[in-house]
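Counted from 1, the sequence shown has number 124 at position 124 by my numbering; the numbering is strictly sequential.
Just so it is clear, CB atoms sit at the ideal spot from N, CA and C, and this is done for glycine as well.
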Amino acid sequence: MKAKVVVLANQKGGVGKTTTALNLSAVLASKGKKVLLVDSDPQGNVSSGVGMFKASEDKNIYQCYMGNSDADASIQSTNLKNLSILPASIDLVGVEVELISLKNREKQLRSILRPIRDRFHFIIIDCPPSLGLLTINGLTAADSVLIPLQCEYFALEGLALLVNTIRKVKKTLNHGLFIEGLLLTMFDRRNRLTYLVAEEIQNHFGDQVYKTVIPRNVRLSESPSHGKTILEYDKNSTGAKAYMKFGNEFLRRTRGK
1 MKAKVVVLAN QKGGVGKTTT ALNLSAVLAS KGKKVLLVDS DPQGNVSSGV GMFKASEDKN
61 IYQCYMGNSD ADASIQSTNL KNLSILPASI DLVGVEVELI SLKNREKQLR SILRPIRDRF
121 HFIIIDCPPS LGLLTINGLT AADSVLIPLQ CEYFALEGLA LLVNTIRKVK KTLNHGLFIE
181 GLLLTMFDRR NRLTYLVAEE IQNHFGDQVY KTVIPRNVRL SESPSHGKTI LEYDKNSTGA
241 KAYMKFGNEF LRRTRGK
């Protein structure tokens, strides 16, 4: 077993990136897949979203980046069977400055994860909403990129920049990198603009766009503040059903590649 590493990336905030990292991981774990969530975002929302509101000061991803700990020692279990986490730390805020002088600064996360890849089926990386060094590390460490996109007017505005960054990383740092797919989030069926944006994204990216869409759902936005994934918080909610459906589609596609 060697984990498939998937990074969630979008430099635009508020697109459902962290929500998708959390809930896709939970769905995969519920299907018996061993999953590691990597919280490489200084905000630490993935960590708090699984109930880890305060990470250990010496066992977190920042300490791994600094070489003071390794992934094996820093991985923590969660309340969900089969789901583990490599938690964030507030110190990640300054890590890009600390990494900048290193020769292989873009490849640090790849080196951190390499020794533990054979322990998991999937490693899901959540990055900050930027195209800085933490996101570049995520792209360099990953096999593929999952792009969540909010169905709104400006959705496509930053997408060209993200796709261009992915192309550059593929060319110079990670030749095997590819776009796993685009997931439409915060879908509002009452809003005509939602459908127009979805249609435009489909026209640009075709089969790369997942058929499943994630609707706007109050329960989805509530669950992280309780330290729970949507499957734990309200498994019968519209949001939970959408992520279950997406998890199934994700697995079907993954097996086909």
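Check: Cβ pair Tyr62, Asp41 closer than 8 Å; Outcome: no
Check: Residue range of the beta strand (DSSP E) that includes Val95; Outcome: Run containing Val95: none in the beta strand (DSSP E); it sits in the alpha helix (DSSP H), 95–99.
Check: Gly49: CB within 7 Å of a non-hydrogen atom of the ligand PLP; Outcome: With respect to small molecules bound, the structure shown includes none, and the ligand PLP cannot be examined in it.
Check: Per DSSP, the bridge partner or partners of Pro148; Outcome: Leu183
Check: The beta strand (DSSP E) enclosing Ile123, as first and last residue numbers; Outcome: 122–126
Check: Ser25 - containing alpha helix (DSSP H), residue span; Outcome: 17–30
Check: Start-end ranges of the beta strand (DSSP E) lying completely within the region 202–231, minimum 3 residues; Outcome: 209–215
Check: Nearest neighbour of Leu162, chosen from Leu139, Gly227, Ile230, Arg190 [CA to CA]; Outcome: Leu139
Check: Alpha helix (DSSP H) segment containing Ser47, residue limits; Outcome: 45–49
Check: Nearest candidate by alpha-carbon position, reference Asn137, set Lys107, Ile123, Ser111; Outcome: Lys107
Check: Limits of the alpha helix (DSSP H) - the one that Ser111 falls within; Outcome: 108–113
Check: Distance, Pro224 Cα to Asn45 Cα; Outcome: 8 Å
Check: Alpha carbon of Leu220 to alpha carbon of Glu199, nearest angstrom; Outcome: 24 Å
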